[in-house]
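Colleague:
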Amino acid sequence: MPAELLDGKRIAQEIRGEVAERVKKLVARGVTPGLSVILVGDDAASAVYVAAKGKASEEVGIKSEKVRLPADTTQEDLLARIVALNADESVHGILVQFPLPKHIDAEQVILAIDPKKDVDCFHPVNVGKMLIGDRDGFLPCTPAGVQEMLKRAGVKTSGKHCVIVGRSNIVGKPMAALMMQPGENANCTVTVCHSGTKDLGAETRRADILIAATGKAGLITREMVKAGAVVVDVGMNRIPDASSKNGKRLVGDVDFDDVREIASLITPVPGGVGPMTIAMLLANTVRSAENSLR
Ligand code: NDP
89 MPAELLDGKR IAQEIRGEVA ERVKKLVARG VTPGLSVILV GDDAASAVYV
139 AAKGKASEEV GIKSEKVRLP ADTTQEDLLA RIVALNADES VHGILVQFPL
189 PKHIDAEQVI LAIDPKKDVD CFHPVNVGKM LIGDRDGFLP CTPAGVQEML
239 KRAGVKTSGK HCVIVGRSNI VGKPMAALMM QPGENANCTV TVCHSGTKDL
289 GAETRRADIL IAATGKAGLI TREMVKAGAV VVDVGMNRIP DASSKNGKRL
339 VGDVDFDDVR EIASLITPVP GGVGPMTIAM LLANTVRSAE NSLR
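In terms of the numbering used here, the sequence shown opens at residue 89 and continues consecutively.
Quick look at the structure:
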């Protein structure tokens, strides 16, 4: 029997509804949550992501401000903009869209953001808090979205073997950190795979929960998946497709049609992890606004 769909779009909608309720309560107390998204340069994909975040924010009542800066913006100017946003009480979340132009030191940019407004969880203070299991900081949107999706779909994680393919700072590493924590919706035995892994299939076949985040279309095939596994596909890859209007199609890292035949639960692409990432960004922004009232 083909796997059931782990419907990120539906779960994200549920979270957005909850966020909208929290926004209403904040507004009643005189605080409108504010999210500032900084975009440097004209990267087309980044512009699409920023627009999607702005639209989603407005829909739940978060005031969204897009700060568009030219590609030749100096590091000094960008840091000055961040310092100003840190000081602005109407701004509760600051997000800098990556990638940045090559002449800008991304690490310095991340360090400049006030950890209390770092709703993307890129700042080392928030990353460190996540690693030690201190829930006082923010959690990174994509891995937290995956964890929340598993929770809301009723997937039992404790004692399960979770295999993560990918070790980036924004997905693979924090995903591993979240799933290995003691406590609810985690407590997994975690294996992290990467391009240095000798026999990827041997590792992934041991997964009760398999999370793919590589950016390699179709990397995870049916032979690499244990029967009954829960499969989460973080990948977003645009592949050529003559039948589509723009000649491209969005696919994940998992060979969806084949793997669906063997998995018990699987996320689609699109409509899986992507919407969850945005929903968690909104939730982090509202949480920051709530924190400002404490
Ligand atoms: P990175 O390119 O930063 O990292 C990819 C990781 O995959 C690396 O650790 C790399 O290993 C590993 N990898 C690549 N090829 C292989 C292979 N053949 N075998 C084993 N491991 C491999 O990507 P990100 O983590 O930023 O993103 C991953 C994917 O997730 C992308 O498609 C991205 O678009 C998508 N994404 C989706 C989001 C969403 O909201 N749905 C949010 C963020 C990302 P090594 O370290 O050795 O190079």
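We put the CB at the ideal spot given by N, CA and C, even for glycine.
1. Pick from 148, 167 and 313: whose alpha carbon is nearest that of residue 105?
2. Report the partner residues of residue 155 according to the DSSP bridge assignment.
3. Go through the residues and name those whose CB comes closer than 6 angstroms to any heavy atom of the ligand NDP, in chain order.
4. Could you spell out the range, first to last residue, of the beta strand (DSSP E) harbouring residue 325?
5. Can you tell me the Cα-Cα spacing of residue 314 and residue 343, whole angstroms?
6. Please state whether DSSP places residue 146 in a helix, a strand or coil.
7. One question on the structure: do residue 154 and residue 142 come within less than 7 angstroms of each other, judged by their Cβ atoms?
8. In this structure, does DSSP put residue 366 in helix, strand or coil?
9. Among residues of its own chain, excluding the 5 on either side of residue 283, which ones have a beta-carbon nearer than 6 angstroms to its beta-carbon?
10. Could you spell out where the alpha helix (DSSP H) holding residue 292 opens and where it closes?
11. Under DSSP, the beta strand (DSSP E) around residue 281 begins and ends at which residues?
12. What first and last residue would you give for the alpha helix (DSSP H) that runs through residue 260?
13. On the DSSP bridge list, what partners appear for residue 93?
14. Can you give me the C-alpha to C-alpha distance between residue 319 and residue 193, rounded to a whole angstrom?
15. Tell me residue 250's beta-bridge partners as DSSP assigns them.
16. So, using beta-carbon positions, are residue 263 and residue 212 closer together than 7 angstroms?
17. Among 347, 306 and 310, which one has its Cα closest to the Cα of residue 337?
18. Taking only the alpha-carbon atoms, compute the straight-line gap between residue 294 and residue 249 and give it to the nearest angstrom.
19. Measure the C-alpha to C-alpha separation of residue 255 and residue 279 and round it to an integer number of angstroms.
Modeller: Taking the structure as given:
1. 148
2. 126
3. 230, 253, 254, 255, 256, 258, 259, 260, 281, 282, 283, 284, 285, 288, 301, 302, 303, 304, 307, 322, 323, 324, 325, 361, 362 and 365
4. 325–328
5. Answer to the nearest angstrom: the Cα atoms are 14 angstroms apart.
6. helix
7. yes
8. helix
9. none
10. 288–292
11. 277–281
12. Taken as a continuous stretch (DSSP letters only), the alpha helix (DSSP H) holding residue 260 covers 260–268.
13. For residue 93, DSSP records a beta bridge to 354.
14. 35 angstroms
15. 278 and 297
16. no
17. 306
18. The alpha-carbon atoms of residue 294 and residue 249 are separated by roughly 7 angstroms.
19. 11 angstroms
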